[in-house]
Amino acid sequence: MNKYELIYIIDTTVEEAARKELIEKFNGIVAANGGEVVKVEEWGKRRLAYAIDYKTEGYYVYVAFNGTSELPKELSRNLGINENVIRSQIVKLLDKKSSVKPRAARVAPVADEAVAEAPAASAQE
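The numbering used here puts the sequence shown at residues -17 to 107.
Shown next as structure tokens:
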């Protein structure tokens, strides 16, 4: 199963009860298509970066979920046909694999020992 993140913006004119139903509907779509909702965060009402359909504010919702590769297509289709959703974006998370080995800590020579030996050597000459 792949890991995905979804952020969508709901119109602020939607009442709280209808907004909760809308959030549950999209979580239900994930579950109905064999996915698993990991986390849902309601970021709340925020100002948009630019006006969308003459609207300057939106209610942001973040969802982290696991699912097959067909699930984002179905979810995107449902988000697109809902008139209360202003914008949405689904992103697939990649597991970062690093082939670089961590460096071993280098031990620098102690400067105090070098300074202490230098005057003793010049005194013998």
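All C-beta atoms, glycine included, are put in the ideal place defined by N, C-alpha and C. Quick caveat: nothing in here was measured; it's all calculated off a predicted structure.
Query                                                                                                : Result
Candidates Gly17, Val82 and Arg29, of which the one nearest tyrosine -14 by Cα                       : Gly17
Proximity to glutamate 39 [Cα-Cα], best of Ala31, Val45 and Ala46                                    : Ala31
Through-space distance from methionine -17 to tyrosine -10, alpha-carbon basis                       : 22 Å
The segment 48 to 65 touching the segment 6 to 20, judged by at least three CB pairs closer than 8 Å : yes
N- and C-terminal bounds of the beta strand (DSSP E) containing glycine 62                           : Segment 53 to 63 is the alpha helix (DSSP H) holding glycine 62; no beta strand (DSSP E) there.
Glycine 16 in three-state terms, based on DSSP                                                       : coil
Among Val(-4), Leu61, Thr(-5) and Lys37, the one whose alpha carbon lies nearest that of valine 12   : Leu61
Every unbroken alpha helix (DSSP H) inside the segment -5 to 42 [4 residues or more]                 : -2 to 14
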